[in-house]
Amino acid sequence: FRTKVILNMCSLLRQPLDLLTFFLGRWKLSKTLLYKTGGFNATFEGTASFDYLSEHYSRTENETKNHIDFTNESLLYSEEGLLYHEDSSIQPFSVHRNYVFRFHQLPIEVYFVEPVLKIGSFFHHLALNDEGFCSFEHLCIRDLYAGEFQCHNQKSFTWNWSVIGPAKDGKIKQNYTRIETSEFVTIE
Numbered sequence: 626f627r628t629k630v631i632l633n634m635c636s637l638l639r640q641p642l643d644l645l646t647f648f649l650g651r652w653k654l655s656k657t658l659l660y661k662t663g664g665f666n667a668t669f670e671g672t673a674s675f676d677y678l679s680e681h682y683s684r685t686e687n688e689t690k691n692h693i694d695f696t697n698e699s700l701l702y703s704e705e706g707l708l709y710h711e712d713s714s715i716q717p718f719s720v721h722r723n724y725v726f727r728f729h730q731l732p733i734e735v736y737f738v739e740p741v742l743k744i745g746s747f748f749h750h751l752a753l754n755d756e757g758f759c760s761f762e763h764l765c766i767r768d769l770y771a772g773e774f775q776c777h778n779q780k781s782f783t784w785n786w787s788v789i790g791p792a793k794d795g796k797i798k799q800n801y802t803r804i805e806t807s808e809f810v811t812i813e
């Protein structure tokens with residue numbers, strides 16, 4: 626017996642497994658990239674999916690030795706789509722990106738993924754407040770990425786970045802809309 630419960634407010638996403646359930650599934654992803662320095666202006670149209678990491682990944686010897694377990698309560702984030710450069714003479718091209726979201730405790734941890742699904746370095750936390758919002762930072766060499774995550778409802782969220790530093794000056798705006806409906810757990 627499975628009951629489908631719709632979350633009325635993002636404020637209900639207060640526990641790690643509630644957040645895992647929220648993210649799980651496929652999302653339509655639209656991005657806008659606006660750079661003054663160190664990048665280019667473009668739009669992206671594609672999809673992002675959150676799948677159980679255990680379906681795609683097994684622990685490395687180093688993770689086993691250091692007692693790090695990413696397979697339990699972790700999701701593999703995969704995005705793919707077409708990037709459209711502002712210069713229409715440049716043909717759209719395929720891009721993809723992966724992260725690992727670890728839901729073992731709060732705040733949620735996000736990690737880079739190296740080639741061949743190797744878990745990379747820590748990226749940032751997701752520590753949502755009562756309104757389903759959080760901000761975070763990541764220093765990439767000398768460029769500071771300041772991010773914001775906002776849950777709008779059970780079917781949409783944004784994950785935006787501003788980057789400033791000696792090599793880059795730009796903004797990345799990302800809008801996610803659910804494609805598949807997930808089963809939600811009642812939180813009382």
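The opening residue of the sequence shown carries number 626 in the working numbering; numbering runs sequentially from there. For every residue, glycine included, the Cβ atom is placed at its ideal position computed from N, Cα and C.
query: Under 7 Å, do V725 and S699 count as touching if we go by C-beta distance?
result: S699 sits close to V725, with the two beta carbons spaced by under 7 Å.
- prompt: What does a CB cutoff of less than 6 Å around K752 pick up in its chain, not counting 5 residues either side in sequence?
  reply: Per the sequence presented here, residue 752 reads as Ala, with Lys not at that position. Only P732, C759 meet the Cβ criterion.
task: Can you tell me which of the three DSSP states D794 falls into?
output: strand
query: From which residue to which residue does the beta strand (DSSP E) around D755 run?
result: Counting along the chain, D755 falls outside any beta strand (DSSP E), and DSSP gives it neither H nor E.
Proximity to N800 [Cα-Cα], best of E762, N785, Y660: Ranking the options by Cα distance to N800, first place goes to N785.
- request: Hey, could you find the ends of the beta strand (DSSP E) L644 is sitting in?
  value: Run containing L644: none in the beta strand (DSSP E); it sits in the alpha helix (DSSP H), 641-648.
task: Could you say which of Q640, L659, L654, Y709 lies nearest to G795 if we only look at CA atoms?
output: L659
- prompt: Around the C-beta of I797, are 16 or more other C-beta atoms found within 10 angstroms, so that it is buried, or is it exposed?
  reply: buried
query: Mind checking whether L654 and A673 have CB atoms under 7 Å apart?
result: yes
message: Using CA atoms only, rank isn't needed, just tell me which of H749, F647, H681, E762 is closest to G790.
response: E762
message: Going by DSSP in three states, E680 sits in which element: helix, strand or coil?
response: helix
query: Nearest to L644 by CA position, among G664, L769, F675, is which residue?
result: Per the Cα distances, F675.
- request: Report all residues from its chain with a CB closer than 8 Å to the CB of L769; omit the five preceding and five following residues, and keep chain order.
  value: E762, H763, V788, I789, G790
query: Among residues of its own chain, excluding the 5 on either side of S781, which ones have a beta-carbon nearer than 8 Å to its beta-carbon?
result: Once the five neighbours on either side are set aside, the close Cβ partners of S781 are N800, Y801, T802, R803.
message: In the DSSP assignment, the beta strand (DSSP E) including S719 goes from what residue to what residue?
response: Looking at the DSSP string, the run of the beta strand (DSSP E) that includes S719 is 718-727.
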